[in-house]
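Undergrad: Heads up: the sequence shown begins at 1 in UniProt numbering, then just goes up one per residue. Cβ atoms here follow ideal geometry from the backbone N, Cα and C, with glycine treated the same way.
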Amino acid sequence: MFKNDLIWMIIGFLGQGFFSARFLVQWIASEKARRSIVPNAFWILSLGGGATLFAYAIYRQDPVFIVGQGAGLFIYMRNMILIRNETHMKSTKSE
1 MFKNDLIWMI IGFLGQGFFS ARFLVQWIAS EKARRSIVPN AFWILSLGGG
51 ATLFAYAIYR QDPVFIVGQG AGLFIYMRNM ILIRNETHMK STKSE
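(1) What are the boundary residues of the alpha helix (DSSP H) that includes R78?
(2) So what's I58 in DSSP terms, helix, strand or just coil?
(3) If you measure between the beta carbons of F19 and L53, is that distance less than 8 Å?
(4) Closer than 6 Å by C-beta to W43: which residues in its own chain qualify, once you throw out the five before and the five after it? Chain order, please.
(5) Quick check on Q61: buried or exposed, where buried means 16 or more other Cβ atoms within 10 Å of its Cβ?
(6) In whole angstroms, what separates the C-alpha of L82 from that of R34?
(7) Quick check: what's the CA-CA separation for A71 versus E31?
(8) Can you list, in chain order, the residues of its chain with a C-beta nearer than 7 Å to that of G15? Leave out the 5 residues immediately preceding and following it.
(9) If you reduce the DSSP assignment to three classes, tell me which class R34 lands in.
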């Protein structure tokens, strides 16, 4: 295995680790709240993991993986924008 391939494999596993950690974060937050919730950290880990896996997919030149992760990145980013807008609206109402 070439050094470059090993580095990209590590990047791929790192992305998968971020992506998997989001489910643990969501589960723990839901257990604490005693109801199903999706914390902001879920979307941050989704974006970080998705971006890392997207880069890995481009390196692998895998069009199925590229399209799947690319679509996910759009969704994660949109959710983060909606959360930011909601937070901004709440802060301007309290002023």
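TA: So, from the data block:
(1) Residue range 63 to 93 is occupied by the alpha helix (DSSP H) that includes R78.
(2) Note: I58 maps to helix in three-state DSSP.
(3) Yes, these two residues count as a Cβ contact at 8 Å.
(4) So the list reads Y76, N79, M80, once near-sequence residues are dropped.
(5) Q61 comes out exposed.
(6) One C-alpha to the other measures close to 24 Å.
(7) Looking at the two C-alpha atoms, the distance is approximately 29 Å.
(8) A distance below 7 Å between beta-carbons, with the five flanking residues on each side excluded, links G15 to the following residues of its chain, in chain order: G49, T52, L53, Y56.
(9) Looking at R34 - three-state DSSP - the assignment turns out to be coil, as it is neither helix nor strand.
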